[in-house]
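S.K.:
Protein chains: 2
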Amino acid sequence: MQQDNAITVNDVQAAKKRLSGIAHRTPVLTSTTVNQRTDSQVFFKCENFQRTGSFKFRGAYNALTQLSSLEKQRGVLAFSSGNHGQAIALSGKLLNIPTAIVMPNDAPFVKQTATRGYGAEVILYDRHTTNREELAQSLAGDRHLTLIPPYDHPHVVAGQGTAALELIAAVGQLDLILVCCGGGGLISGSAIATKALLPNCRVIGVEPELADDATRSFHSKTLQTVTNPNTIADGARTPSLGKITFPLVLNYVDDMVTVSEAAILRTMFLLWERLKIVVEPTGVLAAAALLEGVITAPGARIGVIISGGNVDLAEVGKLFAEDDR
Amino acid sequence: MQQDNAITVNDVQAAKKRLSGIAHRTPVLTSTTVNQRTDSQVFFKCENFQRTGSFKFRGAYNALTQLSSLEKQRGVLAFSSGNHGQAIALSGKLLNIPTAIVMPNDAPFVKQTATRGYGAEVILYDRHTTNREELAQSLAGDRHLTLIPPYDHPHVVAGQGTAALELIAAVGQLDLILVCCGGGGLISGSAIATKALLPNCRVIGVEPELADDATRSFHSKTLQTVTNPNTIADGARTPSLGKITFPLVLNYVDDMVTVSEAAILRTMFLLWERLKIVVEPTGVLAAAALLEGVITAPGARIGVIISGGNVDLAEVGKLFAEDDR
Chain A
75 MQQDNAITVN DVQAAKKRLS GIAHRTPVLT STTVNQRTDS QVFFKCENFQ
125 RTGSFKFRGA YNALTQLSSL EKQRGVLAFS SGNHGQAIAL SGKLLNIPTA
175 IVMPNDAPFV KQTATRGYGA EVILYDRHTT NREELAQSLA GDRHLTLIPP
225 YDHPHVVAGQ GTAALELIAA VGQLDLILVC CGGGGLISGS AIATKALLPN
275 CRVIGVEPEL ADDATRSFHS KTLQTVTNPN TIADGARTPS LGKITFPLVL
325 NYVDDMVTVS EAAILRTMFL LWERLKIVVE PTGVLAAAAL LEGVITAPGA
375 RIGVIISGGN VDLAEVGKLF AEDDR
Chain B
75 MQQDNAITVN DVQAAKKRLS GIAHRTPVLT STTVNQRTDS QVFFKCENFQ
125 RTGSFKFRGA YNALTQLSSL EKQRGVLAFS SGNHGQAIAL SGKLLNIPTA
175 IVMPNDAPFV KQTATRGYGA EVILYDRHTT NREELAQSLA GDRHLTLIPP
225 YDHPHVVAGQ GTAALELIAA VGQLDLILVC CGGGGLISGS AIATKALLPN
275 CRVIGVEPEL ADDATRSFHS KTLQTVTNPN TIADGARTPS LGKITFPLVL
325 NYVDDMVTVS EAAILRTMFL LWERLKIVVE PTGVLAAAAL LEGVITAPGA
375 RIGVIISGGN VDLAEVGKLF AEDDR
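Heads up: the sequence lines are chains A and B, in that order.
Okay, so the first sequence: first residue is 75 according to the working numbering, each after it adds one.
Okay, so the second sequence: first residue is 75 according to the working numbering, each after it adds one.
What follows is the structure, given as structure tokens:
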């Protein structure tokens with residue numbers, strides 16, 4: 075498959091250089107409680123502390139730096155459930171590139187506000203009645219903007235892989251890396267980087283049960299889709315893996331698993347309470363697979379990527395308040 | 075005043091050595107949003123990531139290591155609104171010293187559970203009908219346990235000062251350090267360390283308006299008290315500064331200010347949302363003084379100590395959910 079060879083660890087290393095001094099080298103946290111509970115050594119790579127609150131900044135900035143002068147001048151367009159939009163908006167601000175962000179009108183309000191706060195134009199649409207790709211492509215054509223997709227782009231994939239690169243640089247040998255999966259950008263890039271540096275380290279992707287398209291695609295080796303899945307993990311509501319990310323996932327990822335909505339909520343609660351970090355529902359997917367026993371690896375050194383921390387606190391507050399732990 | 079000279083930066087340095095490799099060297103976080111909003115450079119020393127979730131571990135461990143062999147064998151007793159209890163409990167576990175913790179029966183449930191989780195015996199009392207010091211001293215006498223007070227003890231004060239020592243080591247020159255104030259252990263120790271290393275750095279303490287005893291004590295130079303103040307900042311519900319901490323605050327602290335309950339809640343929300351960290355109400359006091367404009371220092375380099383992150387998420391969830399930001 076030609077695409078598989080199109081992105082290598084060299085691209086991830088090049089992205090790392092572009093991001094140096096721009097993206098945060100996010101902290102790796104550990105927890106005695108988590109280690110005891112899972113009988114393993116767990117290293118949380120905290121991309122919730124990344125600029126704009128998620129790993130998406132890595133891919134967005136890496137992509138925008140590589141546009142032509144004319145493309146930079148005309149500006150870019152992004153369609154996004156939120157985090158990619160914020161990432162493109164800040165990258166544009168830092169690189170002096172105009173940005174317009176298309177997002178569903180039910181995206182968390184905090185994400186809409188933050189995106190506007192970075193100086194981007196925000197264009198809302200109804201995700202139940204409008205095909206966002208068609209809308210975005212039409213807008214891009216009318217305005218001569220360059221469309222930067224949220225995951226299915228080699229520069230985006232390479233940028234996201236720098237998260238795993240940093241994690242491995244910080245903690246050394248790992249037996250397993252767990253990564254959440256929406257459109258597959260983070261897990262593709264992370265798997266490429268991991269397999270190059272630690273060939274024996276397994277890479278496992280985690281999805282919500284309610285949005286298990288990538289898991290089904292992985293096991294059937296045929297691209298599967300979901301439509302507007304009602305998972306709390308809004309970053310994993312993507313309809314399917316992409317043309318670029320699907321073959322990468324097939325080639326570099328060892329397994330794909332799913333977790334329930336209840337598991338996502340319990341894990342959010344645990345990470346907030348014990349690690350004292352604010353993590354969004356999508357951001358806890360990888361941790362949930364481990365803490366809920368979907369994945370067990372006694373004695374192993376395990377990297378877990380916490381992908382982001384952008385939540386509507388009032389909404390999460392309601393969920394936690396309703397709970398009677 | 076004799077007590078003023080009883081604790082010096084040498085004691086804080088000695089505590090630092092005892093804590094080395096045991097306490098976490100907690101991260102210092104920055105936020106572009108906070109810097110822009112306050113027109114200054116702000117460095118958050120995140121003791122919410124400290125072991126047991128607050129700075130209290132520093133003083134507790136420093137005190138327990140210095141007990142005699144007989145005292146260690148007999149065990150220790152602590153009275154605490156929660157964080158000091160957890161800190162003593164874990165320190166006892168690490169040093170193989172039996173611990174019994176006396177705490178009010180309305181202390182956050184998460185703190186009671188965590189304290190028991192560290193292997194301590196928890197003794198509950200009603201803070202509206204019982205004087206906790208009398209209860210604790212009676213228990214200590216009956217069982218021959220050594221009472222470790224939560225703040226009014228030179229080894230506790232010296233231990234807490236290591237937080238400021240680490241902050242200054244991490245970021246260098248500071249013009250101002252803001253520290254929350256309950257019984258005065260953290261601010262006394264931090265002020266002693268700061269004035270020794272950065273003589274020109276101002277140290278300002280922050281209390282809730284509803285528990286402003288230390289602020290009144292500081293300005294009147296006469297010890298003032300409060301009784302069961304109804305502030306959300308449970309770590310600042312202490313009745314007054316102590317015999318040791320009051321003169322230290324008078325000698326080493328430059329000013330004391332207060333913040334409203336609304337300011338505390340707004341600041342919690344902001345730190346959770348923007349810094350992605352879980353901070354307890356007492357833990358945001360210092361940040362609130364700055365973010366709410368009680369303290370302004372344009373162009374300054376400002377250290378802010380985030381004292382802890384132990385909250386009942388269901389309770390905070392209700393507060394955030396009720397809010398319609």
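All C-beta atoms, glycine included, are put in the ideal place defined by N, C-alpha and C.
#1: Is the separation between the beta-carbon of Gly166 (chain A) and that of Val176 (chain A) shorter than 8 Å?
#2: Phe153 (chain B) versus chain E: which residues are under 9 Å apart at the beta carbon?
#3: Looking at the unbroken alpha helix (DSSP H) that takes in Glu347 (chain A), where does it start and where does it end?
#4: With 8 Å set as the bound, which would you pick, yes or no: does the beta-carbon of Val184 (chain A) sit closer than that to a beta-carbon of chain B?
#5: Would you give the residue range spanned by the beta strand (DSSP E) that Glu281 (chain A) belongs to?
#6: With a cut-off of 8 Å, does the C-beta of Lys119 (chain B) fall near any C-beta of chain A?
#7: Report the neighbours of Glu352 (chain A) on chain B: residues whose CB is nearer than 7 Å to its CB, in chain order.
#8: Starting from the beta carbon of Val390 (chain B), find every residue of chain A whose beta carbon is closer than 8 Å, and list them in chain order.
#9: Just how far apart, CA to CA, sit Ile171 (chain A) and Lys91 (chain A)?
#10: Would you please verify whether the beta carbon of Gly402 (chain B) is less than 8 Å from any beta carbon of chain A?
#11: Please report whether the beta-carbon of Asp113 (chain B) lies at a distance below 8 Å from any beta-carbon of chain A.
#12: What does the Cβ neighbour count give for Asp329 (chain A), buried or exposed, with the cut at 16 atoms within 10 Å?
#13: Which residues in chain B sit within 7 Å of Pro101 (chain A), going by Cβ to Cβ distance?
#14: Along chain B, which residues have their Cβ under 8 Å away from the Cβ of Arg156 (chain A)?
#15: Which of the three DSSP states, helix, strand or coil, is assigned to Gly191 (chain A)?
#16: Report, in whole angstroms, the separation of the C-beta atoms of Phe394 (chain A) and Gly391 (chain B), which I expect to be a contact under 8 Å.
#17: Nearest to Ser334 (chain B) by CA position, among B:Gly193, B:Ile379, B:Leu364 and B:Gln186, is which residue?
#18: Given that a residue counts as buried once 16 or more other Cβ atoms are within 10 Å of its Cβ, and exposed if not, what is Arg311 (chain A)?
#19: Please check if any C-beta of chain A sits within less than 8 Å of the C-beta of Arg399 (chain B).
#20: Counting along the chain, where does the alpha helix (DSSP H) carrying Gly259 (chain B) start and finish?
#21: For Thr301 (chain A) versus Pro313 (chain A), is the C-beta spacing smaller than 8 Å?
#22: With which residues is Leu252 (chain B) paired in a DSSP beta bridge?
#23: Under a Cβ-count criterion, where at least 16 other Cβ atoms within 10 Å of its own Cβ denotes burial, should Gly383 (chain B) be classed as buried or exposed?
#24: Kindly give me the distance between the Cβ atoms of Thr173 (chain B) and Ala188 (chain B), rounded to whole angstroms, as I take these residues to be in contact under 8 Å.
#25: Residues of chain B with CB closer than 7 Å to the CB of Phe123 (chain A), please, in chain order.
#26: Does DSSP put Val184 (chain B) in a helix, a strand or coil?
#27: For chain B, find out if any of its Cβ atoms is closer than 8 Å to the Cβ of Asp78 (chain A); answer yes or no.
#28: How many Å lie between Arg99 (chain A) and Ala336 (chain B) at the Cα?
#29: Give the list of continuous beta strand (DSSP E) stretches no shorter than 3 residues that lie fully inside the region 296-336 of chain B.
#30: Distance cutoff 8 Å, beta carbons only. Does Leu387 (chain B) sit that close to anything in chain A?
#31: How is Gln115 (chain B) classed by DSSP in three states: helix, strand or coil?
#32: At the level of alpha carbons, what is the spacing between Thr104 (chain B) and Gly256 (chain A)?
#33: Tell me which residues of the region 360-388 of chain B have at least one Cβ-Cβ distance to chain A shorter than 7 Å, keeping chain order.
#34: Determine the contact status of Phe117 (chain B) and Val245 (chain B), defining contact as a CB-CB distance below 8 Å.
#35: Count the CB pairs spanning the region 343-354 of chain B and the region 223-236 of chain B that are closer than 8 Å, and state whether there are at least three.
#36: Once you ignore the five residues that flank Gln115 (chain A) on each side, which residues in its own chain have a CB closer than 8 Å to its CB?
M.R.: Let me lay it out:
#1: no
#2: In the structure shown, chain E cannot be found, because the protein chains are A and B.
#3: No alpha helix (DSSP H) holds Glu347 (chain A); DSSP gives it neither H nor E.
#4: yes
#5: Arg276 to Pro282
#6: no
#7: Checking the sequence shown, residue 352 (chain A) turns out to be Val, not Glu. Residues of chain B with a Cβ closer than 7 Å to the Cβ of Val352 (chain A) are, in chain order, Trp346, Lys350, Ile351 and Val352.
#8: Contact annotation for Val390 (chain B) against chain A: Gly391 and Phe394 [CB-CB distance below 8 Å, chain order].
#9: 20 Å
#10: Given a span of 75 to 399 for chain B in the structure shown, any question on residue 402 (chain B) remains unanswerable.
#11: no
#12: exposed
#13: The contacting residues are Pro101.
#14: Arg is not the amino acid found at residue 156 (chain A); the sequence shown has Gly there. In chain order: nothing, as chain B lies at least about 14 Å away.
#15: In the structure shown, Gly191 (chain A) sits in a helix (DSSP, three-state: H, G or I).
#16: 3 Å
#17: B:Leu364
#18: buried
#19: Bear in mind that a pLDDT of 45 at Arg399 (chain B), under 50, signals an unreliable position, so the model cannot answer this.
#20: That run of the alpha helix (DSSP H) goes Gly259 to Leu271.
#21: yes
#22: Paired residues: B:Ile278 and B:Val378.
#23: buried
#24: Not confirmed; about 13 Å, so no contact.
#25: Lys350
#26: Collapsing the DSSP output to three states places Val184 (chain B) in a helix.
#27: Since pLDDT at Asp78 (chain A) reaches only 43, below the 50 mark, its modelled position is unreliable, and the value read off the structure follows with that caveat. Chain B contact via Cβ: absent.
#28: 34 Å
#29: 329-333
#30: Between Leu387 (chain B) and chain A, the shortest Cβ-Cβ separation is below 8 Å.
#31: strand
#32: Straight-line Cα distance between these residues: approximately 29 Å.
#33: Gly383, Leu387 and Ala388
#34: yes
#35: With the cut-off at 8 Å, the region 343-354 of chain B and the region 223-236 of chain B do not touch.
#36: By the criterion of a C-beta distance shorter than 8 Å, Gln115 (chain A) is surrounded in its chain by Thr104, Asn109, Ala374, Arg375 and Ile376, once the five residues flanking it on both sides are discounted.
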